[in-house]
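Asks:
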Amino acid sequence: MGPISNRYTELVGIEHPIVQEGLGPFKTARLAAAVSDAGGLGTVSMPGMPDDLKEGARTFRAHIEECASLTDKPFAVNIPVGVDGDGKVMPFTDVYIDTVFAARAADEGLARQLKVLTTSAGYPGGYVQRIHDAGMISQHKVGATRQALKAQEAGVDAIIASGFEMGGHAPSKAVHTYVLVPNVTQAVDVPVVLSGGARDGRTLAAALCLGADAVAMGTRFIATEDNADWHPNYTQALINAREGDDVAFDGVYGPCRGLRNKASESLLHTDATVHSAVELTRWKIQQMQLAQTEGDVENGLVLAGQVASAIADVVRVAEFLPAMAEEAAGILRSLAAPVTLA
Ligand SMILES: Cc1cc2nc3c(=O)[nH]c(=O)nc-3n(C[C@H](O)[C@H](O)[C@H](O)COP(=O)(O)O)c2cc1C
Numbered sequence: 104m105g106p107i108s109n110r111y112t113e114l115v116g117i118e119h120p121i122v123q124e125g126l127g128p129f130k131t132a133r134l135a136a137a138v139s140d141a142g143g144l145g146t147v148s149m150p151g152m153p154d155d156l157k158e159g160a161r162t163f164r165a166h167i168e169e170c171a172s173l174t175d176k177p178f179a180v181n182i183p184v185g186v187d188g189d190g191k192v193m194p195f196t197d198v199y200i201d202t203v204f205a206a207r208a209a210d211e212g213l214a215r216q217l218k219v220l221t222t223s224a225g226y227p228g229g230y231v232q233r234i235h236d237a238g239m240i241s242q243h244k245v246g247a248t249r250q251a252l253k254a255q256e257a258g259v260d261a262i263i264a265s266g267f268e269m270g271g272h273a274p275s276k277a278v279h280t281y282v283l284v285p286n287v288t289q290a291v292d293v294p295v296v297l298s299g300g301a302r303d304g305r306t307l308a309a310a311l312c313l314g315a316d317a318v319a320m321g322t323r324f325i326a327t328e329d330n331a332d333w334h335p336n337y338t339q340a341l342i343n344a345r346e347g348d349d350v351a352f353d354g355v356y357g358p359c360r361g362l363r364n365k366a367s368e369s370l371l372h373t374d375a376t377v378h379s380a381v382e383l384t385r386w387k388i389q390q391m392q393l394a395q396t397e398g399d400v401e402n403g404l405v406l407a408g409q410v411a412s413a414i415a416d417v418v419r420v421a422e423f424l425p426a427m428a429e430e431a432a433g434i435l436r437s438l439a440a441p442v443t444l445a
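This note's numbering numbers the first residue of the sequence shown as 104 and each following residue consecutively.
(1) Would you identify the three-state DSSP class for Gly100, choosing helix, strand or coil?
(2) Taking the straight line between their C-alpha atoms, what separation do you get for Ala439 and His272?
(3) At the level of alpha carbons, what is the spacing between Gln60 and Leu283?
(4) List the whole-angstrom C-beta distance separating Ile388 from Gly159, where the pair is believed to meet the contact cut-off of C-beta under 8 Å.
(5) Please list, in chain order, all residues of the same chain as Arg305 whose beta carbon is under 8 Å from its beta carbon, the five residues on each side excluded.
(6) For Ile342, is the classification buried or exposed, using 16 other Cβ atoms within 10 angstroms of its Cβ as the cut-off for buried?
(7) Determine which residues share a DSSP beta bridge with Gln123 and list them.
(8) Closest to Gly142 by CA distance: which of Val219, Ala135, Ile117 and Leu213 is it?
(9) Please classify Asp292: is it buried, with 16 or more other beta-carbons within 10 angstroms of its beta-carbon, or exposed?
(10) Would you mind sorting His378 into buried or exposed? The rule is 16 or more other CB atoms within 10 Å of its CB.
(11) Where in the region 168-234 do unbroken runs of the alpha helix (DSSP H), each at least 4 residues long, occur, reported from the N-terminal end onward?
(12) Roughly how many angstroms separate the alpha carbons of Phe352 and Arg385, rounded to a whole number?
(13) For Ser437, count the other beta carbons within 10 Å of its own beta carbon; 16 or more makes it buried, fewer makes it exposed. Which is it?
(14) Please state the DSSP three-state secondary structure of Ser108.
(15) Met466 to Pro183, Cα distance in whole Å?
(16) Following a CB-centred definition, is Phe129 positioned closer than 8 Å to any heavy atom of ligand 1?
(17) Applying the criterion that 16 or more other CB atoms from any shown protein chain within 10 Å of the CB defines a buried residue, is Asn402 buried or exposed?
(18) Enumerate, from N- to C-terminal direction, the unbroken beta strand (DSSP E) stretches of 3 or more residues contained entirely within the region 223-294.
(19) What do you get for Val355, buried or exposed, if any count of 16 or more other CB atoms within 10 angstroms of its CB means buried?
(20) Return the chain-ordered list of same chain residues with a C-beta closer than 6 Å to the C-beta of Val405, the five sequence neighbours on each side being excluded.
(21) If Val138 and Gly127 are in contact, beta carbons under 8 Å, what's the gap, nearest whole angstrom?
(22) Does ligand 1 have a heavy atom nearer than 8 Å to the CB of Met427?
(23) What do you reckon, is the C-beta of Ala209 under 8 Å from a heavy atom of ligand 2?
(24) Between the Cα of Trp333 and the Cα atoms of Ala344, Leu424, Ala132 and Ile263, which residue gives the shortest distance?
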């Protein structure tokens, strides 16, 4: 047991209340295994939306199996409920959810480890029962209190509340973590995970003070030795980033935060009448992959949160994660000591 255990660590069976959240459309099998091995909850990310979804499903399953082969601890998968311009759920969501169920059905050991299915983006109501029927924990990411209440009503077991400073697809209502998380923790009864801006023991302690049960990080985990599947230029771009070097542009489903560069600037001035929505979506995903696989951090989209401005080093998850939990516990202990007022 780690220095901070609570209803969330018990629910998902982890040592420290620290989650590495989905970082699609990129590969995070090794990173997820390292986070789970260190006592947190690692997440295998969805691999994008290729034209050939059968190929996408094969890639996703291979990533899931790779993660399971590298750790014997619990881990999660993230699958956005992608919704198109007409409000219809995009086909990849069902394909990837079925892929998870098939991988678990084929391997009992993997099924015991792959316990958590995190949905994000659109409403998860159509999936919660299926996730439970498969014997999994349903966790859903929201960017507004109204969405948190709807997710709780739909029966999810835990909620990730993500503020506007987060990397990747951000809440359309643009509510920041410091406002959103206490609103959500006050409104719902299920465990809440803070996401957006967390980076160390101080931010974990602050999350617990805001009523959250855990933190989920994306950007901090990119700059780790364990994230060897990504091009080193991506990590270097995060380390170089300063306050104000990020921007929210129009992503695949709503606003998306990344570093300000040629690619993201071009999206701020895109004339939507010139490109079809399908072409533009394909281009955005290609540019994300260009940054991650080829390291072109100028013409590629470098998804990252505002917290990139605070990241100055590449850390090893096995040391970083338990130290973060210890730091948070130390801060909370010192705050609990008697306060002397002048
Ligand atoms: C490169 C990158 C890719 C992301 N991809 C996804 C994704 O596929 N699905 C999702 O739900 N969230 C995605 N996110 C959001 C993260 O899961 C997480 O909520 C966010 O990074 C937390 O904020 P932080 O970056 O300040 O830690 C992504 C974030 C980044 C930085």
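Note that beta-carbon positions come from the ideal geometry of N, C-alpha and C, so glycine has one too.
Replies: On the basis of the supplied data:
(1) In the structure as shown, the chain begins at 104 and stops at 445. Residue 100 is therefore absent and cannot be evaluated.
(2) 36 Å
(3) Any question about residue 60 goes unanswered here, given that the chain covers just 104 to 445.
(4) About 11 Å; that fails the 8 Å criterion.
(5) Glu430, Ala431 and Ile434
(6) exposed
(7) Met320
(8) Ile117
(9) exposed
(10) exposed
(11) 194-209 and 211-216
(12) 15 Å
(13) exposed
(14) coil
(15) In the structure as shown, the chain starts at 104 and stops at 445, and residue 466 therefore has no counterpart that could be examined.
(16) yes
(17) exposed
(18) 240-245 and 261-265
(19) buried
(20) Ala340, Gly361, Leu362 and Ala394
(21) Val138 to Gly127, Cβ: 16 Å. No contact.
(22) no
(23) Looking at this structure, you won't find ligand 2 anywhere; what it does contain is ligand 1.
(24) Ala132
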